[in-house]
Amino acid sequence: MSFHPSEARLHALDYLQIVRNRFSIILLTFVLVFITAVAITHILPEEYLGRATVEIVQNDEDLRLFQTRQASELANYNFIQTQFEIISSQQTLYRVVDDFDLVNRWNAGTRQEACAQLRGKLETSARRNTSLIDIEIYAANPAEAAELANAV
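With the first letter of the sequence shown counted as 1, position 148 gets the number 183 in my numbering; the numbers rise by one all the way through.
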């Protein structure tokens, strides 16, 4: 089944005719999606992102003398993972909750609730093939987002 140029033109004209016949439905769908997106954007509260980037440096020059390169890279990976877990640990978050008095600031009932709220606003990610960790905090106030990201 080979198509001739006239058949291809005929198919294109058929598609164009379908679009013309359904133009009102297509336009209505576009307008409804656009209005819904605008409404949702205005309903949602403003949220700011505070980001801090931390470089993890391991001080183990003496140990590297006796390790192979592969063992050294594995130890470095494990060290970065350990630091990653320490940054997002409950002890670290409790320190931030206490330093910024987040129990009263956020009207949280207890220290644990404030810590849970902070954990919900916290995102940590390791940059691939580096020793950098990004700490991100989402908050309604830009200054608070920056302060908390730097404190964690």
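Here a beta-carbon is modelled for each residue, glycine too, at the ideal position from N, C-alpha and C. Every value quoted in this text rests on a predicted model; they were computed, and no experiment measured them.
Grab me the residues of D134's own chain with a C-beta within less than 7 Å of its C-beta, minus the 5 sequence neighbours each way, in chain order.
In the sequence shown, residue 134 corresponds to position 99, counting from 1. Apart from sequence neighbours up to five positions away, the residues of its chain that approach D134 with a beta-carbon distance below 7 Å are A186, ordered along the chain.
Is it right to say V68 is buried, meaning 16 or more other beta carbons lie within 10 angstroms of its own, or is it exposed?
For the purposes of this step, residue 68 is taken as the residue at position 33 of the sequence shown. Classification of V68: exposed, given that the 10 Å Cβ count is below 16.
Run through the DSSP bridge pairs and tell me what G85 is partnered with.
Residue 85 sits at position 50 when you count from the first residue of the sequence shown. G85 pairs with I172.
Go through its chain and collect everything with a Cβ distance to P80's Cβ below 7 Å, but skip five positions before and after it.
In the sequence shown, the residue the question calls residue 80 occupies position 45. A175, listed in sequence order.
Counting beta carbon pairs with one atom in the segment 129-148 and one in the segment 47-60, are three or more of them shorter than 8 Å?
No, the segment 47-60 is not in contact with the segment 129-148.
Could you name the residues of the same chain whose beta carbon sits closer than 7 Å to that of Q93, not counting the 5 residues immediately before and after it, in chain order?
The residue labelled residue 93 in the question sits at position 58 within the sequence shown. The residues are N111 and F114.
Quick one: using the 10 Å Cβ neighbour count with 16 as the cut-off for buried, is G85 buried or exposed?
As a working note, residue 85 is residue 50 in the sequence shown. With 16 or more other Cβ atoms within 10 Å, it is buried.
Kindly indicate which residue of T88, N139 and A181 has the alpha-carbon position closest to the one of S166.
Against the sequence shown, residue 166 aligns to sequence position 131. Out of T88, N139 and A181, T88 has the C-alpha closest to the C-alpha of S166.
Taking the alpha helix (DSSP H) that A143 falls in, what are its first and last residues?
Reading the sequence shown from its first residue, position 108 is the one you call residue 143. No alpha helix (DSSP H) holds A143; DSSP gives it neither H nor E.
Decide if A180 is buried, meaning its Cβ has at least 16 other Cβ atoms within 10 Å, or exposed.
As a first step, residue 180 must be located in the sequence shown, where it is residue number 145. It is buried - the Cβ of A180 has at least 16 other Cβ atoms within 10 Å.
Bridge partners - T159, DSSP secondary structure assignment
Counted from its first residue, the sequence shown places residue 159 at position 124. I170.
Taking the straight line between their C-alpha atoms, what separation do you get for I172 and V66?
Taking the first residue of the sequence shown as position 1, residue 172 is located at position 137. Taking the first residue of the sequence shown as position 1, residue 66 is located at position 31. Answer to the nearest angstrom: the Cα atoms are 35 Å apart.
Taking C-alpha atoms, which residue in A74, E82, R140 and S160 lies nearest to P177?
Taking the sequence shown and counting its residues from 1, one reaches residue 177 at position 142. Ranking A74, E82, R140 and S160 by Cα distance to P177 puts E82 first.
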